[in-house]
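Q:
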Amino acid sequence: MNTDNLQTPYFLIDETKLIENLEKAKLLKELSGAKLVLALKCFSTFGTFETIKPYLDGTTSSGPYEVKLGYEEFGGETHAYSVGYSKADIEAVKGMSDKIIFNSLSQLDTHFDACHPHASLGLRINPERSMAGQDLANPTRPYSRLGVKQDLLDKSVLDKVEGFMFHMNCENKDVDAFIAILEHISTTFSEYLTTLKWLSLGGGIFFTYPDYPIEKLAAALKAFSEKHDIQLYLEPGEAIITRTADLVVSVIDIVENDKKTAIVDSATEAHRLDTLIYDEPASIREASASGKFPYVIGSCSCLAGDQFCETQFEAPLEIGQKLHLMDSAGYTMVKLNWFNGLKMPSIYYQRVSGDIELLNEFAYQDFKATLGKRT
Ligand SMILES: Cc1ncc(COP(=O)(O)O)c(C=O)c1O
Numbered sequence: 362m363n364t365d366n367l368q369t370p371y372f373l374i375d376e377t378k379l380i381e382n383l384e385k386a387k388l389l390k391e392l393s394g395a396k397l398v399l400a401l402k403c404f405s406t407f408g409t410f411e412t413i414k415p416y417l418d419g420t421t422s423s424g425p426y427e428v429k430l431g432y433e434e435f436g437g438e439t440h441a442y443s444v445g446y447s448k449a450d451i452e453a454v455k456g457m458s459d460k461i462i463f464n465s466l467s468q469l470d471t472h473f474d475a476c477h478p479h480a481s482l483g484l485r486i487n488p489e490r491s492m493a494g495q496d497l498a499n500p501t502r503p504y505s506r507l508g509v510k511q512d513l514l515d516k517s518v519l520d521k522v523e524g525f526m527f528h529m530n531c532e533n534k535d536v537d538a539f540i541a542i543l544e545h546i547s548t549t550f551s552e553y554l555t556t557l558k559w560l561s562l563g564g565g566i567f568f569t570y571p572d573y574p575i576e577k578l579a580a581a582l583k584a585f586s587e588k589h590d591i592q593l594y595l596e597p598g599e600a601i602i603t604r605t606a607d608l609v610v611s612v613i614d615i616v617e618n619d620k621k622t623a624i625v626d627s628a629t630e631a632h633r634l635d636t637l638i639y640d641e642p643a644s645i646r647e648a649s650a651s652g653k654f655p656y657v658i659g660s661c662s663c664l665a666g667d668q669f670c671e672t673q674f675e676a677p678l679e680i681g682q683k684l685h686l687m688d689s690a691g692y693t694m695v696k697l698n699w700f701n702g703l704k705m706p707s708i709y710y711q712r713v714s715g716d717i718e719l720l721n722e723f724a725y726q727d728f729k730a731t732l733g734k735r736t
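Residue 685 in this note's numbering sits at position 324 of the sequence shown; the count goes up by one each step and never skips.
This is how it looks when you write it as structure tokens:
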């Protein structure tokens, strides 16, 4: 299969780039002794799991279906976390989960008898310190519902849980800032850490970013783990999948209203939602900083402000031309939706050998099935 013949829109995941990230994860594990579980909320495209499995220890989840997916398709350790479990959720996940992490003391109390001793239980703690770029993604923002604050804890919780989970980073590239939070946790929660068996430090540590000092991070994790005699876990999502996939689109039309807009056969609202939610414009491989031909890259949805980015090119764009929206894997394929009944991007996987595998493609029936069924 040759990419020239692929019908847009489609995602193209590059196994070679994925392995580059995974090799860094392997180094981090080896140097630190920490275990790494893939955060399925970020990336769940299970057709790539055969590549990822040898490098990571398992999966972590944010909802019942992710638990099942991790258990069925990835294996290893299956961690279950949810902001809120119903009794039915717990019945569904408890037989598949090695660890079940509760978001609140009331959830822990409600489900303790049903889960114990099927799984090792944990509690999410809000450390009241974070490194998250945007308020929307900051788990320690004022009035946060995510995790238990220290002033609500007492040592009786140790009768019920064997682990704590903290998640307080988002694309944090600053190792010193992370180490400062780690020291805060070490000091503030030391009376718990000596008894606990495991501690998850969540995701959001950008250890695959170019020139990130993995050795320094690993040394800090190892020292923490030895000091408190505890098994550490990290829950990376974005760090594993960053810069491994493009969303490839075609220019469908070019319109002009003071600025030129190239309309492409995709939409942020349907296919790249975080562009819209976090106001983070996409980067386009074909663009050029010195280009003399500026365009808005506009979407095919009905939403007036739905655009991927504004950028410029060395030559005028042409209808039918393909554009590659880079870094379109994390929090992207997991958020696809059928808004406007647009064509859903197919998903391709380019293997190290150069072969291109079709992981999935979608049709009108898939769209219709999300809306109901005739009896
Ligand atoms: C509890 C938890 N763990 C792990 C992650 C994964 O974070 P990232 O993809 O930034 O590594 C998240 C992201 O929101 C999270 O909420």
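Quick reminder that beta carbons are idealized off the backbone N, C-alpha and C, glycines included. No experiment lies behind these values; they were computed from the predicted model shown.
#1: Am I right that L373 and V398 are in contact with their C-beta atoms under 8 angstroms? What's the rounded C-beta distance?
#2: When DSSP labels each residue in this structure, what does I540 get in the three-state scheme?
#3: Quick one: what does DSSP say D572 is sitting in, helix, strand or coil?
#4: For D626, count neighbouring C-beta atoms within 10 Å of its own C-beta (all shown protein chains included) and say buried if the count is 16 or more, exposed if not.
#5: Compare the Cα-Cα distances from A676 to each of S649, Q711, S662 and report the closest residue.
#6: Since H440 and K460 are thought to touch, with beta carbons under 8 angstroms apart, how far apart are those beta carbons, to the nearest angstrom?
#7: Roughly how many whole angstroms lie between the Cα atoms of T412 and E376?
#8: Does the stretch 625-641 come within contact of the stretch 662-679, defined as at least 3 CB pairs closer than 8 angstroms?
#9: Who pairs with E617 in a beta bridge, going by DSSP?
#10: Any residue with its C-beta under 5 angstroms from a non-hydrogen atom of ligand 1 counts. Can you list them all in chain order?
#11: Assign V444 to one of three DSSP states: helix, strand, or coil.
#12: From the DSSP output, in three-state form, read off F728 for me.
#13: Indicate whether L484 and V536 have their beta-carbon atoms separated by less than 9 angstroms.
#14: Roughly how many whole angstroms lie between the Cα atoms of V444 and V522?
#15: Beta carbon of F568, beta carbon of K414: below 9 angstroms?
#16: Measure the C-alpha to C-alpha separation of K696 and R646 and round it to an integer number of angstroms.
#17: Counting only runs of 4+ residues fully inside the stretch 397-435, write out the alpha helix (DSSP H) ranges in chain order.
#18: Beta-carbon separation of P488 and I542 under 9 angstroms?
#19: If we count the other Cβ atoms within 10 Å of its Cβ and call it buried at 16 or more, is K704 buried or exposed?
#20: Can you check DSSP and say which residues form a bridge with D459?
#21: Taking only beta-carbon atoms, is L417 less than 9 angstroms away from chain C?
#22: Y656 and I615: beta carbons closer than 9 angstroms?
#23: Nearest to S491 by CA position, among S481, L507, C476, A480, is which residue?
#24: Over the uninterrupted alpha helix (DSSP H) stretch that includes F473, give me the two end residues.
#25: Secondary structure at A580, three-state DSSP: helix, strand or coil?
#26: Taking the alpha helix (DSSP H) that S393 falls in, what are its first and last residues?
#27: What span of residues does the alpha helix (DSSP H) with Y553 cover, start to end?
A: So, from the listed chains and residues:
#1: Under the criterion of beta carbons closer than 8 angstroms, L373 and V398 do not qualify as touching, at roughly 26 angstroms.
#2: Residue state, collapsed to three classes: helix.
#3: D572 falls in the coil class under three-state DSSP.
#4: Classification for D626: buried.
#5: Distances from the CA of A676 to each of S649, Q711, S662 were compared; the closest alpha carbon is that of S649.
#6: The beta-carbon distance between H440 and K460, rounded to whole angstroms, is 5 angstroms. This is short enough to meet the 8 angstroms contact definition.
#7: C-alpha separation (whole angstroms): 8 angstroms.
#8: In short, these stretches touch, since the Cβ pair count reaches three.
#9: Per DSSP, K621.
#10: Qualifying residues, in the order they occur: A400, C403, H528, G563, G564, G565, E596, P597, G598, E599.
#11: The answer is coil: DSSP assigns V444 none of H, G, I, E or B.
#12: Of the three classes helix, strand and coil, the one that applies to F728 here is helix, per DSSP.
#13: Not closer than 9 angstroms, so no.
#14: Across the structure, V444 and V522 are spaced so that their CA atoms are roughly 17 angstroms apart.
#15: Contact: no.
#16: One C-alpha to the other measures close to 22 angstroms.
#17: Fully enclosed alpha helix (DSSP H) runs of 4 or longer: 410-413, 425-430.
#18: It is a contact, given that the beta carbons lie within the stated cut-off.
#19: Under this definition K704 is a buried residue.
#20: None, per the DSSP bridge assignment.
#21: Protein chains in the displayed structure number just one, and chain C is not present.
#22: Yes, these two residues count as a Cβ contact at 9 angstroms.
#23: Scanning S481, L507, C476, A480 for the CA closest to the CA of S491 turns up L507.
#24: First-last of the alpha helix (DSSP H) with F473: 466-476.
#25: Residue state for A580 is assigned as helix, using DSSP reduced to three classes.
#26: Unbroken alpha helix (DSSP H) run through S393: 376-393.
#27: Start and end: 551-554.
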